[in-house]
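Report on the structure given below.
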Amino acid sequence: MHFYERKAYRYPLYALAAMAVLMAIGLFYFQWLIGLVALLGIGFVLYSVIWSQRSLYQELEHYISNLSHRVKKVGEEALMQMPVGIMLVNEDGEIDWSNRFLAACFKEQTLVGRSLAELSEPLAAFVKRGKTDEEIFEFHGKRLKVLIRRSERLLYFFDVTEHMELKQKYEAERLVLAIIFLDNYDEITQGMDDQAKSQLNSLVTSVLNRWANDYGIFLKRTSSDRFIAVLNEQILSRLEKSKFSILDEVREQTAKHHVQLTLSIGIGAGVSPLPELGALAQSSLDLALGRGGDQVAIKQGTGKVKFYGGKTNPMEKRTRVRARVISHALRELIVASDKVLIMGHKYPDMDALGAAIGILKVVQSNQKEGFIVIDPAKTDAGVQRLLEEMKKQADLWSRCLKPEQAFELVTDDTLLIVVDTHRPSLVIEERLLYRTDHIVIIDHHRRGEEFIEAPLLVYMEPYASSTSELVTELLEYQPRRMKLSMLEATALLAGIVVDTKSFTLRTGSRTFDAASYLRSQGADTVLVQKLLRESIANYVKRAKLIERAAIDEHGIAIASGDEHEVHDQVLIAQTADTLLTLSGVVASFVISKRADGTVGISARSLGDVNVQLIMERLGGGGHLTNAAAQLSDVTVEEAERQLREAIHDYFEGGKPS
């Protein structure tokens, strides 16, 4: 509307025109000639104003009409031609309308009338019951981001092909840092002359350099037993597909020179800041070494960890320097505490209880009060027999506490020593871990992803046969050595016997040294056999489980118990051990219901198959040749299916650990 059409301006203009006419009439009365001229002038001005207004209206109408036509034409053109797909779908899942760009994406002339399910099943499912309003689909080599307005059944398609390719390129070229460590370099080269050491260095360096050149990796030796490697995510993906064959190559090449040298590689990936990347690589290396070496650990910024390798048993250390250092450090922590609590894993076996008894002796030799945390109701038959023997010795039995009693005794200066496990979810009383800041871990299992936070001292040696072996060595290096009683020495020996299957598996020279020391302290081998003997009923149950076993083409024996039959973990483990003695079996797995409602899986191998990696896929863990897992809320059949999938993934190198 023009400004003088508004009432505020229009009425004053009318009044002004009326006054001009009246004045012209007045002039006409006194001087008709002048009045006539004035009247004609006023008429001309009024006519000009009216004509100008009409012309302005016509021009404005023409401009608006032309602009509307152009805007409509541009809108139609944009709707049909712009590089954004638009689609309207009816309630029956048929396409009511789409623009030309979208039809071109599907390489069609028109999409109208077509069924969405016929066009793309995933897209139809997204429209029908999608959980989000945005998703990316691939059509004919193009990646389209689809946004949906469900109330109008309107879909927008945006071509994000270039964006996704750029993202993939960025992720493929993202920096990855690796630290390569020669596990037992110092042990092997300790007795070598300079020439032999130089030849070994040259061999390892040439093998690693050739491997780095093949994959396009920058490799630099930083010390005699350590290398640093810089690569990217794309190269890392190729290495994962090869399952890090460099581990096998180094082991095989050095074996030809009568040297058993292995590698451990810690890799940091998935983050951009270099300090954080370096920290992930070092943390991964620590994890790989804690699991026994000869393997690769890859840690992402999200905390996810993958493992590769781990095909050999850890090499036994020749010297006991670390045992002596740990023993002295443990003594200092014990002396600085007001009391010591000793705790093993849930449903403790003979190794856990034997190690706890040995640590109690270490505490007593330093004139400190110590207690073993144990729940007698949650133990197997062998441990219960040992507890019955302990009850006959009042001094020893009085040192045993239930978890509730132990929790009440904890103070700020209490030292908690965890034996035969390092996983917080497996300890007898997890609350004790958060009640005190002074924690020591003594374990012989390979380190897993789950680990007790911030321990003061960690003594983990995967080469050791058992935790009882480690504790026996610690006892030998205590400054004020106290003589072990017959039962204490027997408990430690029983722990070694159980975990080595009577000195047949994972047994090194130091295992026999520890057993010899315990025998000299009065360990009774006959009592060990009495503690470990089983009933006829258990023997029959084990035989029934073995009868159900099946052996596949890889030499994997799997025995599953009946859905309604409950077996304890010891029987399951014994069955797996027995299966391993059968001809053609390289690894055995036994699945059965347990008394606590979970499904237990025991795994054993002769070393060719890493059962630890398989059990870790199911949330368990253990050693290369001895591992286990417990599954909750599943049937035996479902547990067997999950186990078979994990075994398939292991052999195919599919899913990460």
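Residue numbers for the sequence shown follow UniProt numbering, so the first one is 1 and each next one is one higher.
Virtual Cβ for every residue (Gly too), placed ideally from N, Cα, C.
Residue 96 lies in the beta strand (DSSP E); which residues open and close that run?
95 to 98
Report the residue from 35, 261, 352, 563 whose alpha carbon sits nearest the alpha carbon of residue 426.
352
Please list the terminal residues of the continuous alpha helix (DSSP H) segment that includes residue 390.
381 to 391
Run through the stretch 269 to 354 for me and flag every whole beta strand (DSSP E) of 3 or more residues, listed as ranges in chain order.
295 to 300, 305 to 309, 339 to 343
Measuring alpha carbon to alpha carbon, tell me which of 190, 182, 611 ends up nearest residue 203.
182
Nearest-angstrom Cα distance between residue 418 and residue 327?
15 Å
Touching by the beta-carbon criterion (3+ pairs, under 8 Å), the stretch 599 to 612 and the stretch 626 to 637:
yes
Counting C-beta neighbours from all protein chains within 10 Å, is the total for residue 654 16 or more, i.e. buried, or is it exposed?
Interpretation of residue 654 is limited by its pLDDT of 42, a score under 50 that renders its predicted location unreliable; the figure taken from the coordinates is listed afterwards. Per the 10 Å Cβ criterion, exposed.
Between residue 342 and residue 325, what straight-line distance do the alpha-carbon atoms span, to the nearest angstrom?
20 Å
Spell out a yes or no on whether the stretch 555 to 571 and the stretch 585 to 593 are touching, meaning 3 or more CB-CB pairs, one atom from each, closer than 8 Å.
yes
Measuring only from the beta carbon, is residue 20 closer than 7 Å to any heavy atom that is part of the ligand NAP?
Absence of the ligand NAP from the depicted structure is noted, as is the absence of any ligand whatsoever, leaving it without description.
Using a threshold of 8 Å, state whether the C-beta atoms of residue 390 and residue 492 are closer than that.
no
Option nearest residue 91 by Cα separation, candidates 117, 393, 105, 224:
117
Between the CA atoms of residue 641 and residue 656 - distance to the nearest angstrom:
Summary for residue 656: the model assigns pLDDT 38, below 50, so the residue's position carries little reliability, and this model does not support an answer.
Check residue 675 in the structure and name its three-state DSSP category.
In the structure as shown, the chain starts at 1 and stops at 657, and residue 675 therefore has no counterpart that could be examined.
Residue 569, DSSP secondary structure in three states
helix
Report the option in 407, 386, 403 whose CA atom is closest to the CA atom of residue 397.
386
Please classify residue 214: does DSSP put it in a helix, a strand, or coil?
helix
Only counting the same chain, and skipping five residues up and downstream in sequence, which positions put a Cβ closer than 6 Å to that of residue 161?
142, 143
Through-space distance from residue 56 to residue 27, alpha-carbon basis
34 Å
What residue from 363, 61, 323 has the CA that sits closest to residue 415's CA?
363
Please classify residue 186 as buried or exposed, where buried requires at least 16 neighbouring CB atoms within 10 angstroms.
exposed
Whether or not the stretch 371 to 378 and the stretch 455 to 462 are in contact is what I'm after, with contact meaning three or more pairs of Cβ atoms, one per stretch, closer than 8 Å; do they touch?
no
What residues are listed by DSSP as bridge partners for residue 19?
Answer is none; residue 19 lacks a bridge partner.
From residue 43 to residue 99, what does the alpha carbon distance come to, in whole angstroms?
59 Å
Once you ignore the five residues that flank residue 254 on each side, which residues in its own chain have a CB closer than 8 Å to its CB?
200, 203, 204, 260, 261
Identify the residues that DSSP records as bridge partners of residue 556: which are they?
587
Would you give the residue range spanned by the alpha helix (DSSP H) that residue 241 belongs to?
233 to 241
Which runs of the beta strand (DSSP E) fall wholly inside the stretch 129 to 199 and span at least 3 residues, in chain order?
134 to 139, 142 to 149, 154 to 159, 175 to 182
So what does DSSP say about residue 530, is it helix, strand or coil?
helix
State yes or no: is the C-beta of residue 88 within less than 8 Å of the C-beta of residue 153?
yes
Would you kindly report the start and end of the unbroken beta strand (DSSP E) that includes residue 459?
457 to 460
Apart from the five residues just before and just after residue 278, which ones in its own chain have a Cβ nearer than 7 Å to its Cβ?
177, 268
In the DSSP assignment, find the unbroken beta strand (DSSP E) run with residue 88 in it and report its ends.
84 to 89
I'd like the list of long-range same chain contacts for residue 208, defined as Cβ closer than 8 Å, with 5 residues on each side in sequence excluded.
180, 219, 227, 246, 250
Where does residue 222 sit, in a helix, a strand or coil, going by DSSP?
strand
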